[in-house]
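Student:
2 protein chains.
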Amino acid sequence: MRVTRAAEYAIRCMLYLSRQDEGALVSRQEIAERADIPAHFLAKIAQDLAKAGLIEIRQGARGGFALSRHPSAISLLEVVETMIGEIQLNDCIARPSGCKASYNCAVHRVWCKAREQLRATLRQVSFEQLTAETTCLTSPLEVLLEPESLEGADPLRNEMQ
Amino acid sequence: MRVTRAAEYAIRCMLYLSRQDEGALVSRQEIAERADIPAHFLAKIAQDLAKAGLIEIRQGARGGFALSRHPSAISLLEVVETMIGEIQLNDCIARPSGCKASYNCAVHRVWCKAREQLRATLRQVSFEQLTAETTCLTSPLEVLLEPESLEGADPLRNEMQ
DNA sequence: GATAAATAAGACAATTTTTATCTTTTTTAT
DNA sequence: ATAAAAAAGATAAAAATTGTCTTATTTATC
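What follows is the structure, given as structure tokens:
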């Protein structure tokens, strides 16, 4: 298991979308700039998020991304696992064939327990909760941005019908 | 955080040593063969384990490795973190500079909580406990080995003075 | 319908990490 | 003195990650 940069970006993207008005469609460019994600990389990430049913993608002029569900129904676990696959702490768990006694191994059982604890913790956290509190994308980031870029971004935002 | 192959090997090595008589010195070759670890890779791993004070290395003829402490005083966490560094679930935690509001970020706090849970779980498990139960290195592996290789390994084992 | 704006898709490259392997040196028991 | 064993470090191979770039496709708007 490794929380990759891609997963980190996915979280930021979802966080940014969660802070918009419900169902708001936001362009990839805006998200990329505001959440500090390489734009083309975000395109790939968005496709994974879309396949997982977390966001809707609208193509074409004035296209962009929008959350498929309310942030209260999206857990941190779901976003992370969409990007890095089901969390496995080690190969022994991931590939039982590599471990000659996984069904009956004490070490294996510890990893399983740790894994389930971790997943439970991440599952309990929704994006609604996260946006209710301060995050990396709230004030501290905005302070760092140029005022113009903030204003310029707004007109790009509209509602998905 | 990723439990690398090296960490997995380190666990197996420690598990193998834990199952010997207390203070037993075992050659690198024997451990490598019996725990299915590439011998030269094990040499590197052993040096990390030795630096961390987990094992003693005896050089020269009839040299080898021995546990520095009783298995009850060695936790799974200590072995894992010796190999992969202090567990961090994501970069945001590892490098606060990369996260613009880590001190005050809701996502950050979730990762911190998950991290401490994981570390606590691994800290609670000692190698004495692990060897008391079946592991990948007990019977299932032995069954797979040729009888000769099992007998041939024994004479290599002796006590560290 | 034409145009422009936006994403989709996929090839490709750079970087980093991991996983080794090999050779030479040093240490130690006998 | 010899041989067995680990130390140390250079090097290579493999895999994963992190991007970038180009071409296609889709869509809103005029």
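So the protein lines, in turn, are chains A and B.
Per my numbering, the first sequence starts with residue 313, numbered consecutively.
Per my numbering, the second sequence starts with residue 313, numbered consecutively.
For each residue, glycine too, the CB sits at the ideal point set by N, CA and C.
1. Between Ile369(B) and Ala322(B), how many whole angstroms is the CB-CB distance? I'm expecting something under 8 Å.
2. By Cβ distance, which residues of its chain are closer than 7 Å to Val391(B), with the 5 residues on each side in sequence left out?
3. For chain B, is any of its Cβ atoms less than 8 Å away from the one on Arg435(A)?
4. Strictly below 8 Å CB to CB, what residues from chain A border Glu320(B)?
5. Give the straight-line distance between the Cα atoms of Ala362(B) and Ala319(B), rounded to the nearest whole angstrom.
6. So Ile399(A) and Glu393(A) are supposed to be a Cβ contact under 8 Å. How far apart are they, rounded?
7. Taking 8 Å as the limit between beta carbons, can you name the residues of its chain near Ala364(A), skipping five residues before and five after?
8. Is the beta carbon of Leu388(A) less than 8 Å from the beta carbon of Leu329(A)?
9. Restricting to runs no shorter than 3 residues, where is the beta strand (DSSP E) found entirely within the segment 336–395 of chain B?
10. Let's test the definition: count the other Cβ atoms within 10 Å of the Cβ of Gly376(A) and tell me whether it reaches 16, buried, or not, exposed.
11. Answer yes or no: does any C-beta atom of chain A fall closer than 8 Å to that of Gln332(B)?
12. Quick check on the burial criterion: 16 or more other C-beta atoms within 10 angstroms. Buried or exposed for Arg427(A)?
13. The alpha helix (DSSP H) with Ile399(A) in it runs from where to where?
14. With a threshold of 8 Å between beta carbons, is Ile323(A) in contact with chain B?
15. Given a threshold of 16 other Cβ atoms within 10 Å of its Cβ, counted over all protein chains shown, does His352(B) qualify as buried or as exposed?
16. Would you say Thr446(A) faces chain B, with C-beta separation under 8 Å as the test?
17. Just grab the DSSP bridge partners of Ser438(B) for me.
Tutor: Looking at the atomic coordinates:
1. Contact doesn't hold; Cβ gap of about 14 Å is too wide.
2. Ala322, Ile323, Met326, Leu366
3. no
4. Asn402, Asp403, Cys404
5. 14 Å
6. 6 Å
7. Glu390, Thr394
8. no
9. 367–370, 376–379
10. buried
11. No, Gln332(B) does not count as interfacial toward chain A.
12. buried
13. Careful: Ile399(A) lies outside any alpha helix (DSSP H) and carries neither H nor E.
14. yes
15. Using a 10 angstroms sphere on the CB of His352(B), the tally of other CB atoms stays under 16, which defines it as exposed.
16. yes
17. Ser387(B)
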